[in-house]
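Okay, so here's the structure we're looking at.
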């Protein structure tokens, strides 16, 4: 069995070496062909390169827009589930933070820390345990809540 595996491994190594050599040879031949075409038709190649760049940019924009839309939708779904099971006090804290910009609470407040863990409140700067700390809502969450405030914070 070991001899069979060893022989198979040697054969695979040989196949990879041959494929690499063939691939390098075809790339070198293709590079020569490309050089000749560019030398004979520089304007056409420039236009084709510009068109390919524009197509690549447009594709990237579409993919980026779809990705950000899907990300916002996932965030909305997650926040909807979080707000459905949220206690009245936490909803009041979120509502007050939306209205006033931040909420001043003890850094040991369980509800404020839970809202930080849920990603609704941003983590406040490190301060004293004896003084009140300002907790504010993350900007992405503010945008998400803006469209659903009446149903989530009712």
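Numbering (this note's numbering), first residue to last: 39 to 192.
Where a beta carbon is used, it is the ideal one built from N, C-alpha and C, also for glycine.
Per DSSP, what are the beta-bridge partners of residue i in this structure?
i	result
residue 159	175
Evaluate residue i with the Cβ neighbour count: other Cβ atoms within 10 Å of its Cβ, from every protein chain shown; 16 or more gives buried, anything less gives exposed.
i	result
residue 121	buried
residue 173	buried
residue 135	buried
Candidates the options: which alpha carbon is nearest residue i's?
i	options	result
residue 189	171, 119, 153 and 127	119
residue 113	41, 192, 40 and 184	184
residue 139	145, 159, 152 and 147	159
Residue i to residue j, Cα distance in whole Å?
i	j	result
residue 142	residue 104	38 Å
residue 90	residue 83	10 Å
residue 150	residue 98	39 Å
residue 155	residue 115	17 Å
residue 225	residue 66	What is shown of the chain runs 39 to 192, which leaves residue 225 out entirely.
residue 130	residue 175	13 Å
residue 100	residue 45	49 Å
For the putative contact between residue i and residue j, defined by C-beta atoms under 8 Å, what is the C-beta separation to the nearest angstrom?
i	j	result
residue 144	residue 170	6 Å
residue 153	residue 181	The pair is not a contact, with the Cβ atoms about 17 Å apart (cut-off 8 Å).
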